[in-house]
Amino acid sequence: MANLTTQQVAELLVGIARAQQAIVEAAESQKAGFRAHLAPALQTAARTRNTGHTPTLADFPARVLLAHQGRNPPDAAQVARELEALLAQEPVAASAGGAP
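The sequence shown runs 16 to 115 under the working numbering.
Here is the structure:
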């Protein structure tokens with residue numbers, strides 16, 4: 016199996032978010048106001064409403080899609096930087112949660 020770089024994973028996440036955004040736009044064109052109902056659900060999935068929550072890898076895809084809801088979605092380089100920051104802190108959280 017090939018080893019993926021952070022940049023490749025970021026590009027993959029951006030591509031997935033773009034595909035999901037296309038679905039959101041299609042639903043919005045069929046039913047006006049869909050996006051207004053989607054935003055709170057995405058915020059819950061991304062855990063952006065919980066200010067005491069430290070971002071995790073599990074939250075990251077929802078955060079990328081949430082960022083794509085705006086006028087200036089992040090590019091792959093920005094997503095890669097955020098992903099690297101998450102990966103840098105992840106072993107600490109994993110070792111704390113995995114202790115018996």
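Cβ coordinates follow ideal geometry from the N, Cα and C atoms, glycine included.
Counting pairs of beta carbons, one from the region 62 to 74 and one from the region 36 to 49, are three or more of them closer than 8 Å?
-> Cβ pair count under 8 Å is below three, so no.
On the CB-based measure, 16 or more other CB atoms within 10 Å of its CB, does R86 come out buried or exposed? It is exposed - the Cβ of R86 has fewer than 16 other Cβ atoms within 10 Å.
Practice prompt. Have a look at P70 and A54 and give me their C-alpha separation to the nearest angstrom.
Written response: Answer to the nearest angstrom: the Cα atoms are 18 Å apart.
Q.
DSSP three-state label for G85, please.
A. In the three-state reduction of the DSSP assignment, G85 falls in the coil class, being assigned neither a helical nor a strand state.
Look up G30 in the DSSP assignment and say whether it is helix, strand or coil.
Note: G30 maps to helix in three-state DSSP.
(message) In whole angstroms, give me the CA-to-CA distance for N95 and Q58.
(response) Note that residue 95 corresponds to Ala in the displayed sequence, not to Asn. The straight-line gap from Cα to Cα measures roughly 21 Å.
Open item on the list: Taking 7 Å as the cut-off, is the beta-carbon of I38 closer than that to any non-hydrogen atom of the ligand FMN?
Closed with: The model on display carries no ligand, and the ligand FMN is accordingly not part of it.
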